[in-house]
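To keep things clear, I will list the structure first and then write my remarks on it.
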Amino acid sequence: AAHWTARRAKRRAAMAGPGLNHNVKACLLLCVLSGIADSTWSGTVIAAFILIASKKNTTVGLVEAGQGLATLLFALPIGYLADKHGRSGVIKMGGVLCLCAAAATTWVILGVEREVEMSGHAMGILFAVMCLWGVVGGVQSGPAQALYADSIPTGERSKWYVYLFAAYIISSAVGPLVSIVVFASTKDEWTLAELRLVIVCGMVAEVGCAAVMFTFKDTAALGAASEAVRATGGRGAAGRARVAVAGAEGAGAGAYE
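Oh and the sequence shown: position 229 is 229 in our numbering, straight run, nothing missing.
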């Protein structure tokens, strides 16, 4: 009994120390902000904006497909870079890309509002920006969650992934509320002006995501005290990242568990 009590105390100490592990706090906050951002501008809102601006269903499909394809194509390169140069550095680079994508998205939708109808040039830029969002999503669901797993002590990982998933699901309710407030305070119509305002609100949350991505630290990982490290038998960062990503598969919204 004393042995198990000591082990539980050791796990709690490894998890808490002077406070909750830095990477765990960062990833939970990133998850919350990402849930808010995704539910605000991604999906229905951006699809409706593209449809109204381009008046073509095909364009909506092509632009939306760019995001998913980019996540798929860049998954392995992102993992390789994280293993080769450290995950916190790749996550920070993802933060830079997130800022660039937010700025480009805002610039495109403001330009469309002035032109009333989206030009072919603007459509091409938006497609490229959506691909960039796919890369950002790959960083958030890959290296960020791998570092999250490495920052959780043995025996605690399943519980903290439940917390991560719950944080994303609960925060995803904010986006629809933002849309309700925007439409209720304007003309309550699906026009470019109203949709633009909702998307801009989402971009504000994305800037918050980028800020959090700059705070991850490889040095805050727990090393041998982490279940993710132990499960790979110490085979290096690539093995730990694969365990973390495997543990995150099947999560809602394709980004978090």
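Note that CB positions come from ideal geometry on N, CA and C, so glycine has one too.
Worksheet item: Should E206 and A37 be called a contact, given that it needs their Cβ atoms to be closer than 8 angstroms?
Response: yes
Worksheet item: Expressed to the nearest angstrom, what Euclidean distance is found between the alpha-carbon atoms of V129 and Y161?
Response: 30 angstroms
Discussion item. Give me, in chain order, the residues of the same chain whose beta-carbon lies closer than 7 angstroms to that of S54; leave out the 5 immediate sequence neighbours on both sides.
Written reply: M118, M123
Worksheet item: Excluding the five sequence neighbours on either side, which residues of its own chain have a C-beta within less than 6 angstroms of the C-beta of G202, listed in chain order?
Response: A37, T40, W41
Fill in: Nearest neighbour of L197, chosen from W133, I125, A184 [CA to CA]
A184
Worksheet item: Within 10 angstroms of its Cβ, does N57 collect 16 or more other Cβ (buried), or is it exposed?
Response: exposed
Practice prompt. Locate the alpha helix (DSSP H) running through F216, then write down its first and last residues.
Written response: That residue, F216, is in no alpha helix (DSSP H); it is neither H nor E in DSSP.
Worksheet entry | Cα-Cα separation between A231 and D218, rounded to whole angstroms | Unreliable placement is indicated for A231, whose pLDDT of 48 sits below 50; no coordinate value is reported for it.
Worksheet item: Between G111 and V96, what straight-line distance do the alpha-carbon atoms span, to the nearest angstrom?
Response: 23 angstroms
Discussion item. Assuming the contact rule is C-beta atoms closer than 8 angstroms, F216 and S88 should be a hit. Round their C-beta distance to whole Å, please.
Written reply: 4 angstroms
Worksheet entry | Residue from E194, V32, P143 whose Cα sits closest to the Cα of I78 | P143
Fill in: Candidates I52, T59, G86, of which the one nearest A146 by Cα
G86
Worksheet item: Distance, Cα to Cα, Y168 vs V32?
Response: 5 angstroms
Fill in: N23 versus S172 - alpha carbon distance
22 angstroms
Worksheet item: Roughly how many angstroms separate the alpha carbons of G68 and W190, rounded to a whole number?
Response: 25 angstroms
Worksheet item: Got a sec? Which residues, its chain only, sit under 6 angstroms from K92 by beta carbon, not counting five neighbours each side?
Response: F214
Worksheet item: How would you label L264, buried or exposed, when you count the other beta carbons within 10 angstroms and need 16 or more for buried?
Response: Nothing in the structure corresponds to residue 264, since the chain is present only between 1 and 257.
Worksheet item: Where does the unbroken alpha helix (DSSP H) through G43 begin, and where does it stop?
Response: Careful: G43 lies outside any alpha helix (DSSP H) and carries neither H nor E.
Worksheet item: How close, in whole Å, do the beta carbons of V90 and V139 come, if the pair is a contact with beta carbons under 8 angstroms?
Response: 6 angstroms
Fill in: Pair within 8 angstroms by beta-carbon distance, C100 and L132
yes
Worksheet item: If you draw a straight line from the alpha carbon of E159 to that of L30, how long is it in whole angstroms?
Response: Per the sequence presented here, residue 159 reads as Lys, with Glu not at that position. Taking the straight line joining both Cα atoms gives about 18 angstroms.
Discussion item. Does W160 come out as helix, strand or coil in the three-state DSSP assignment?
Written reply: helix
Item to complete: Compute the Euclidean distance between the alpha carbons of I109 and V212, then round it to the nearest angstrom.
Response: 25 angstroms
Worksheet item: Buried or exposed: where does A82 fall if 16 or more other Cβ atoms within 10 Å of its Cβ makes it buried?
Response: buried
Fill in: As assigned by DSSP and simplified to three states, the class of S141
helix
Worksheet item: If you draw a straight line from the alpha carbon of I50 to that of T59, how long is it in whole angstroms?
Response: 7 angstroms
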